[in-house]
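Participant:
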Ligand SMILES: Cc1ncc(C[n+]2csc(CCOP(=O)(O)OP(=O)(O)O)c2C)c(N)n1
Ligand SMILES: [Mg+2]
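Residue numbers (the numbering used here), protein chains in the order written: chain D, 106 to 433; chain P, 612 to 977.
(1) Pairs of beta-carbons, one from the stretch 325 to 343 of chain D and one from the stretch 351 to 367 of chain D, closer than 8 Å: are there three or more?
(2) From the DSSP secondary-structure annotation, give me the bridge partner or partners of residue 133 (chain D).
(3) According to DSSP, is residue 970 (chain P) helix, strand or coil?
(4) Considering only the alpha carbon of each residue, which of P:694, P:845, P:659 and P:681 lies closest to residue 647 (chain P)?
(5) Output the distance between the C-alpha atoms of residue 357 (chain D) and residue 282 (chain D), rounded to the nearest integer angstrom.
(6) Where DSSP assigns a beta bridge to residue 397 (chain D), which residues make up the other side?
(7) Would you say residue 713 (chain P) reaches chain D, if we count a Cβ-Cβ gap shorter than 8 Å as a contact?
(8) Taking residue 350 (chain D) as part of the alpha helix (DSSP H), name the residues at either end of that continuous run.
(9) Is it the case that the Cβ atoms of residue 199 (chain D) and residue 207 (chain D) are separated by a distance below 8 Å?
(10) I'd like to confirm the pairing. Which residues does DSSP put opposite residue 782 (chain P) in its beta bridges?
(11) From the DSSP output, in three-state form, read off residue 126 (chain D) for me.
(12) Thinking just about the alpha-carbon of each residue, which of P:741, P:809 and P:770 is nearest to the one in residue 788 (chain P)?
(13) Taking the Cβ atom as the reference point for each residue, do residue 320 (chain D) and residue 365 (chain D) lie within a distance shorter than 8 Å?
(14) Using the beta carbon as the reference atom, which residues fall closer than 5 Å to any heavy atom of ligand 1, ordered along the chain?
(15) To which residues of the same chain is residue 933 (chain P) closer than 7 Å at the C-beta, ignoring the five residues directly before and after it?
(16) Please classify residue 387 (chain D) as buried or exposed, where buried requires at least 16 neighbouring CB atoms within 10 angstroms.
(17) Can you find a CB in chain A that lies within less than 8 Å of the CB of residue 691 (chain P)?
(18) Run through DSSP, which three-state label would residue 204 (chain D) get?
(19) Chain D beta carbons: is any one of them nearer than 8 Å to that of residue 963 (chain P)?
(20) Would residue 288 (chain D) be called buried (16 or more neighbouring beta carbons within 10 Å of its own) or exposed?
(21) Alpha carbon to alpha carbon, how far is residue 417 (chain D) from residue 411 (chain D)? Give it in angstroms, no decimals.
(22) Name the residues in the stretch 941 to 973 of chain P whose C-beta lies less than 7 Å from a C-beta of chain D; which are they?
(23) Name, going along the chain, the residues of the stretch 248 to 274 of chain D whose beta-carbon falls closer than 8 Å to a beta-carbon of chain P.
(24) What span of residues does the alpha helix (DSSP H) with residue 825 (chain P) cover, start to end?
(25) Any beta-carbon of chain D closer than 8 Å to the one on residue 859 (chain P)?
(26) How many whole angstroms separate the CB atoms of residue 136 (chain D) and residue 112 (chain D), which I take to be in contact at a CB cut-off of 8 Å?
(27) With 8 Å set as the bound, which would you pick, yes or no: does the beta-carbon of residue 364 (chain D) sit closer than that to a beta-carbon of chain P?
(28) For residue 373 (chain D), I'd like the list of residues in its chain whose CB is within less than 7 Å of its CB, leaving aside the five on either flank, ordered along the chain.
(29) Where does residue 804 (chain P) fall in DSSP's three states?
(30) When you compare only the Cα positions, how much space is there between residue 655 (chain P) and residue 822 (chain P)?
(31) Short check: CB of residue 166 (chain D) to CB of residue 795 (chain P), under 8 Å?
(32) For residue 767 (chain P), which residues in the same chain have their Cβ closer than 6 Å to its Cβ, ignoring the five residues on either side in sequence?
(33) Taking contact to mean 3 or more Cβ pairs, one atom from each stretch, closer than 8 Å, check whether the stretch 721 to 738 of chain P and the stretch 937 to 947 of chain P are in contact.
(34) DSSP three-state label for residue 345 (chain D), please.
(35) In chain D, which residues lie with their C-beta within 9 Å of the C-beta of residue 758 (chain P)?
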């Protein structure tokens with residue numbers, strides 16, 4: 106299988122869908138001439154021209170709302186947010202228009218739009234630029250939320266998202282753009298709402314997604330080698346729709362759960378997961394559900410300390426040991 | 612002037628002048644047939660009778676939430692929407708009943724929506740502020756002040772992208788002009804020459820705040836900062852609205868030119884029916900507008916002078932409008948409510964089309 110970076114995989118998904126469907130348009134700040142703030146869209150302007158690859162002003166409420174309006178007429182815009190952190194200035198368009206218009210019209214309208222961009226900390230850009238927004242987005246029925254962790258998943262999920270008739274929020278990660286991985290050749294689609302077991306194990310289930318999958322994989326190999334603990338890692342890939350069945354099947358196998366997420370603890374994705382696991386697999390649990398989050402404060406700038414605020418392999422390892430020991 | 616005419620509208624206030632301005636002979640008005648003029652008059656009257664009936668239903672506690680009446684502003688929606696061609700689109704705010712009727716929505720589903728019934732235009736899921744009819748190029752009905760304006764620019768973007776010759780009319784109130792999203796949409800429209808007309812329905816007040824207390828400068832002139840065309844139209848006179856808007860609509864359709872148009876109008880009722888309307892404007896002011904500028908009265912008098920309407924015809928049209936509103940109320944009354952099972956349909960396209968669903972996993976979390 107060919108090897109591509111996460112960045113290239115996303116670019117290939119965009120290029121393939123632009124080629125397949127003339128209604129697909131890529132828009133955002135610096136996506137065209139500048140080749141993308143993170144070079145995700147590099148070369149697309151040259152290939153597809155300015156009608157399809159459109160530089161927007163710094164005007165998130167305006168252009169996201171405009172994309173939504175165009176999507177009601179059948180255009181399929183893929184809007185880039187330079188950082189998901191900037192969704193705050195377009196929030197009304199996302200939660201009142203993208204999420205609600207179908208409902209308020211009694212099902213007469215749908216908005217086939219994708220909003221994509223990175224949502225992560227770890228790059229020392231401080232509190233305004235490090236928001237992880239998947240829990241807030243998934244809170245709103247009407248939108249779908251996807252967070253891929255590998256190049257193959259990024260490509261396959263983005264292609265599915267672009268073909269989806271509902272609004273899909275696609276959350277990438279700047280720390281993963283350079284990550285390499287195998288990507289299947291030919292048409293590669295990953296359906297939304299399907300979790301992926303990234304590592305099989307018997308003693309502990311780690312439920313996670315996004316970059317934390319990689320922290321968990323790193324911790325799992327140490328746990329295996331040095332502690333003889335066999336960890337199963339479930340990568341959710343999609344937050345809404347959510348593949349809870351794969352999570353529950355893993356819990357039934359290991360009887361212990363650690364949720365790892367780059368989220369602040371209060372009302373996080375993990376809060377919802379913990380609720381669902383205890384509700385639907387209470388008898389399978391040999392101990393309380395454990396959770397590892399970002400330390401509960403705005404994102405700190407100080408580079409070495411930010412690493413400690415976020416989940417990292419060492420913190421995952423420690424949390425896993427606590428979860429297996431059933432201790433706090 | 613026809614003060615003695617059996618005014619269908621407000622018998623004691625029949626002193627509004629007939630329209631005489633140059634708009635009367637503007638081509639778009641001169642081209643109107645007798646029947647077309649009567650139809651315009653009828654539509655305005657149907658809006659008013661519908662809303663008066665809905666107000667009674669509200670007072671009888673048949674309707675929940677907010678009810679923002681359009682009474683006094685009818686010439687704006689009817690004038691603008693009467694100019695719509697196949698590829699022209701409309702989006703507006705929560706004061707949306709007039710536009711809905713003007714684009715051709717039926718009264719029964721509109722009234723049923725107010726009653727929260729499953730036969731409503733949005734199956735009882737949207738309510739008064741959220742009427743939609745995409746089949747009539749009507750994209751709502753939006754509750755967040757100014758939030759619909761970027762969508763309006765998007766409709767224009769969609770038209771342009773698809774190479775269709777049409778225009779989007781994005782309506783807002785005079786209060787909405789101070790929202791950031793509106794200015795972002797102005798900039799995008801001007802920057803990319805989108806065929807959108809931003810229509811400010813200036814009724815003088817945003818809730819209880821007068822224009823003077825909320826907006827610096829002249830409203831439409833803000834377009835100059837974006838290099839956009841702009842204009843001001845007298846919204847009490849249907850002919851003026853049509854003549855003024857026709858020019859901007861043509862520029863949008865033919866040359867893909869956006870514009871900001873302020874249409875001066877007035878609302879006779881409170882901001883919503885919950886507004887006692889006794890703190891921010893005088894009864895005298897309201898009375899003066901009703902007496903001299905009521906758009907239905909003005910157009911009625913115009914058509915009487917033109918010999919298009921007769922007292923008998925006015926009475927007939929009014930009786931029909933009242934009966935239609937009454938029938939709509941009866942329809943709404945006997946219609947069923949949605950069921951609790953209906954709460955979770957119309958959220959996701961995929962959930963509503965299970966045979967075409969491609970995703971897996973749970974979409975709902977009860
Ligand atoms: C963002 C937002 N802020 C406040 C409100 C509450 N609100 C609803 S209508 C309104 C007044 C708007 O006035 P205007 O734009 O002039 O429209 P009109 O009601 O006169 O048609 C206000 C403050 C709202 N719906 N949305
Ligand atoms: Mg107003």
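Where is the CB? At the ideal position from N, CA and C, for every residue including glycine. These figures come from a predicted structure and were not determined experimentally.
Facilitator: Checking against the coordinates, here is how it stands:
(1) yes
(2) For the purposes of this step, residue 133 (chain D) is taken as residue 28 along the first chain, with counting starting at 1. DSSP output for residue 133 (chain D) lists D:160 and D:185 as bridge partner(s).
(3) Taking the second chain and counting its residues from 1, one reaches residue 970 (chain P) at position 359. The answer is coil: DSSP assigns residue 970 (chain P) none of H, G, I, E or B.
(4) On the second chain, residue 647 (chain P) is found 36 positions in, with the first residue counted as 1. Comparing Cα positions, the closest option is P:694.
(5) By 1-based counting over the first chain, the position of residue 357 (chain D) is 252. By 1-based counting over the first chain, the position of residue 282 (chain D) is 177. Those two C-alpha atoms are separated by around 34 Å.
(6) As a position in the first chain, residue 397 (chain D) is number 292, starting the count at 1. DSSP lists D:365 as partners of residue 397 (chain D).
(7) What you label residue 713 (chain P) is simply residue 102 of the second chain in a count that begins at 1. Not closer than 8 Å to any Cβ of chain D, the Cβ of residue 713 (chain P) fails to qualify, so no.
(8) Reading the first chain from its first residue, position 245 is the one you call residue 350 (chain D). That run of the alpha helix (DSSP H) goes 349 to 359.
(9) As a position in the first chain, residue 199 (chain D) is number 94, starting the count at 1. As a position in the first chain, residue 207 (chain D) is number 102, starting the count at 1. Not closer than 8 Å, so no.
(10) Position 171 of the second chain, counted from the first residue, corresponds to residue 782 (chain P). P:810.
(11) Position 21 of the first chain, counted from the start, is the residue given in the question as residue 126 (chain D). It is coil, neither helix nor strand.
(12) Mapped onto the second chain, residue 788 (chain P) falls at position 177. Comparing Cα-Cα distances from residue 788 (chain P) to each of P:741, P:809 and P:770, the minimum goes to P:809.
(13) Within the first chain, numbered from 1, the residue matching residue 320 (chain D) stands at position 215. Within the first chain, numbered from 1, the residue matching residue 365 (chain D) stands at position 260. Yes, the Cβ-Cβ distance between residue 320 (chain D) and residue 365 (chain D) is below 8 Å.
(14) P:706, P:755, P:756, P:784, P:785, P:786, P:787, P:814, P:817 and P:818
(15) Locating residue 933 (chain P) in the second chain gives position 322, counting from the first residue. For residue 933 (chain P), where only same-chain residues beyond five positions count, the Cβ hits under 7 Å are 660.
(16) Against the first chain, residue 387 (chain D) aligns to sequence position 282. So residue 387 (chain D) ends up on the exposed side.
(17) Of the protein chains in the structure, D and P, none is chain A.
(18) Position 99 of the first chain, counting from 1, holds the residue named residue 204 (chain D). Correct three-state label for residue 204 (chain D): coil.
(19) As a first step, residue 963 (chain P) must be located in the second chain, where it is residue number 352. Cβ-Cβ to chain D under 8 Å: yes for residue 963 (chain P).
(20) Indexing the first chain from 1 puts residue 288 (chain D) at position 183. Buried is the call here.
(21) Stepping through the first chain from its first residue, residue 411 (chain D) is reached at position 306. Stepping through the first chain from its first residue, residue 417 (chain D) is reached at position 312. Their Cα atoms are separated by approximately 10 Å.
(22) 956, 957, 958, 959, 960, 961, 963, 969, 970, 971, 972 and 973
(23) 249, 265, 268, 269, 270 and 271
(24) The residue you call residue 825 (chain P) lines up with position 214 of the second chain. First-last of the alpha helix (DSSP H) with residue 825 (chain P): 822 to 825.
(25) As a first step, residue 859 (chain P) is located in the second chain; it is residue number 248 there, counting from the start. So no, residue 859 (chain P) is outside the interface.
(26) As a first step, residue 136 (chain D) must be located in the first chain, where it is residue number 31. As a first step, residue 112 (chain D) must be located in the first chain, where it is residue number 7. With a Cβ gap of about 13 Å, residue 136 (chain D) and residue 112 (chain D) do not count as contacting.
(27) Within the first chain, the letter at position 259 stands for residue 364 (chain D). With 8 Å as the cut-off, residue 364 (chain D) does not count as an interface residue toward chain P.
(28) Sequence index remark: in the first chain, residue 373 (chain D) carries index 268 (1-based). The residues are 240, 366 and 398.
(29) On the second chain, position 193 is the one that residue 804 (chain P) refers to. Residue 804 (chain P): coil per DSSP, three-state reduction.
(30) By one-based count along the second chain, residue 655 (chain P) stands at place 44. By one-based count along the second chain, residue 822 (chain P) stands at place 211. Cα to Cα, residue 655 (chain P) sits roughly 26 Å from residue 822 (chain P).
(31) Taking the first chain and counting its residues from 1, the one referred to as residue 166 (chain D) is at position 61. Taking the second chain and counting its residues from 1, the one referred to as residue 795 (chain P) is at position 184. Yes, the pair counts as a contact, with Cβ atoms nearer than the cut-off.
(32) Position 156 of the second chain holds residue 767 (chain P). For residue 767 (chain P), where only same-chain residues beyond five positions count, the Cβ hits under 6 Å are 779, 805, 806 and 807.
(33) yes
(34) Taking the first residue of the first chain as position 1, residue 345 (chain D) is located at position 240. Correct three-state label for residue 345 (chain D): strand.
(35) On the second chain, residue 758 (chain P) is found 147 positions in, with the first residue counted as 1. Those are 166, 170, 197, 198, 201 and 202, listed as they occur along chain D.
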